[in-house]
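Visitor: One structure coming up, written as structure tokens, with questions to follow.
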């Protein structure tokens, strides 16, 4: 059991630098009936021995009948000391069409191909994964509920030669399986007129030989403005995971044995009102694994 306590005094300056924890931010559920966005995020870090580049393009489209999102993400980590390079490509996206018969429903399809390549002097490692399947959303009493499920597959090798041929790609081990998920509240739905937000999610995946995983999460957020202009916050999240998993670590396919993991996060905060672009805040956070 590991317990982590975080105690911090946060100051927000010029109203543009916000170090406020994400779990204290109320989810935004207002979506325009007609909107399109094109976001580009480029982050590069140069250290003494490493170079990192995290680039992401996200295209979103939404109107009264349909919604779509496509992500193109590329990450590069180059370690000059170890002589290794890690590259990751994310091409996930989704498309949904709003129901004509039930205005609060939607049905669509999601896909998430992902590729990871690890190169080193002794050889290369590769991991390719793809999840694809239908998605379905409804709204009950104003609370969004999303269902998803489909097929998933992996293809990998941690002994890939530097010169890869088509025959070698065909010889890579591969596994197929299924996944399913449920999300209630879209990160947190408000309970009537109360300053209370509830959310929960569940996910299960079964892939032959490599993965059998079940995860459940529930969260509660309370946020209220008091007459003085200050705000009080309280947060509780509980996560339970069971199963076993294999993942890629520095070009090697590592297996985690079957186990049960439980974590709890509790947090409370007081955030002062803005005074000349300065907002003092006191945050207490407690995490137990």
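Numbering (the numbering used here), first residue to last: 7 to 295. The beta-carbon is built from N, C-alpha and C at its ideal position, and this holds for glycine as well.
Pick helix, strand or coil for residue 28, following the three-state DSSP scheme.
Guide: helix
Visitor: Hey, could you find the ends of the beta strand (DSSP E) residue 230 is sitting in?
Guide: 217-231
Visitor: Identify whether residue 177 lies in helix, strand or coil by the three-state DSSP scheme.
Guide: helix
Visitor: Compute the Euclidean distance between the alpha carbons of residue 86 and residue 203, then round it to the nearest angstrom.
Guide: 46 Å
Visitor: Look at the alpha carbon of residue 123 and the alpha carbon of residue 60, and state the distance between them as a whole number of angstroms.
Guide: Rounded to the nearest angstrom, the two C-alpha atoms are 15 Å apart.
Visitor: On the DSSP letters alone, give me the boundaries of the beta strand (DSSP E) that residue 208 sits inside.
Guide: 202-213
Visitor: For the beta strand (DSSP E) that contains residue 122, what are its first and last residues?
Guide: 120-126
Visitor: If you count every other CB in all the chains shown that lies within 10 Å of the CB of residue 108, and 16 or more means buried, which is it?
Guide: In this prediction, residue 108 has a pLDDT of 48, which is less than 50 and means its spatial position is unreliable; what the coordinates show is noted afterwards. Residue 108 is exposed by the Cβ-count criterion.
Visitor: Can you tell me which of 216, 152, 244 and 188 puts its alpha carbon nearest to the alpha carbon of residue 296?
Guide: It is not possible to answer for residue 296, since the shown part of the chain is limited to 7 through 295.
Visitor: Could you tell me how far apart the beta carbons of residue 139 and residue 129 are, in whole angstroms, since I believe they sit closer than 8 Å?
Guide: In fact, because the Cβ distance is near 34 Å, the residues do not count as touching under 8 Å.
Visitor: Expressed to the nearest angstrom, what Euclidean distance is found between the alpha-carbon atoms of residue 52 and residue 152?
Guide: About 40 Å.
Visitor: Assign residue 263 to one of two classes, buried (16 or more other C-beta atoms within 10 Å of its C-beta) or exposed (fewer than that).
Guide: exposed
Visitor: Is residue 98 near residue 144, with beta carbons less than 8 Å apart?
Guide: no
Visitor: May I ask you to report which of helix, strand or coil DSSP gives residue 87?
Guide: coil
Visitor: Report, in whole angstroms, the separation of the C-beta atoms of residue 235 and residue 277, which I expect to be a contact under 8 Å.
Guide: In fact, because the Cβ distance is near 10 Å, the residues do not count as touching under 8 Å.
Visitor: Secondary structure at residue 54, three-state DSSP: helix, strand or coil?
Guide: coil
Visitor: Looking at the secondary structure, which residues open and close the beta strand (DSSP E) in which residue 116 lies?
Guide: 112-117
Visitor: Excluding the 5 residues preceding and the 5 following residue 63 in the sequence, name in chain order all residues of the same chain whose CB lies nearer than 6 Å to its CB.
Guide: Excluding residues within five positions, the ones whose Cβ falls inside 6 Å are 46 and 78.
Visitor: Helix, strand or coil for residue 80? Go by DSSP, reduced to three states.
Guide: strand
Visitor: Going by Cα to Cα distance, which pick from 211, 196 and 182 is closest to residue 188?
Guide: Cα-wise, what sits closest to residue 188 is 211.
Visitor: What did DSSP end up calling residue 107 once you bin it into helix, strand or coil?
Guide: With a pLDDT of only 49 at residue 107, under 50, the local geometry of the prediction cannot be trusted, and the value read off the model is given with reservation. Correct three-state label for residue 107: coil.
Visitor: Below 8 Å on the Cβ atoms is my guess for residue 132 versus residue 162; work out the distance and round it to an integer in Å.
Guide: 6 Å
Visitor: Using the C-alpha atoms, what's the distance from residue 119 back to residue 134?
Guide: 7 Å
Visitor: Within 10 angstroms of the Cβ of residue 30, are there 16 or more other Cβ atoms? Answer buried if so, exposed if not.
Guide: buried
Visitor: Just to confirm, is the Cβ distance from residue 289 to residue 275 under 8 Å?
Guide: yes
Visitor: Apart from the five residues just before and just after residue 49, which ones in its own chain have a Cβ nearer than 7 Å to its Cβ?
Guide: 60
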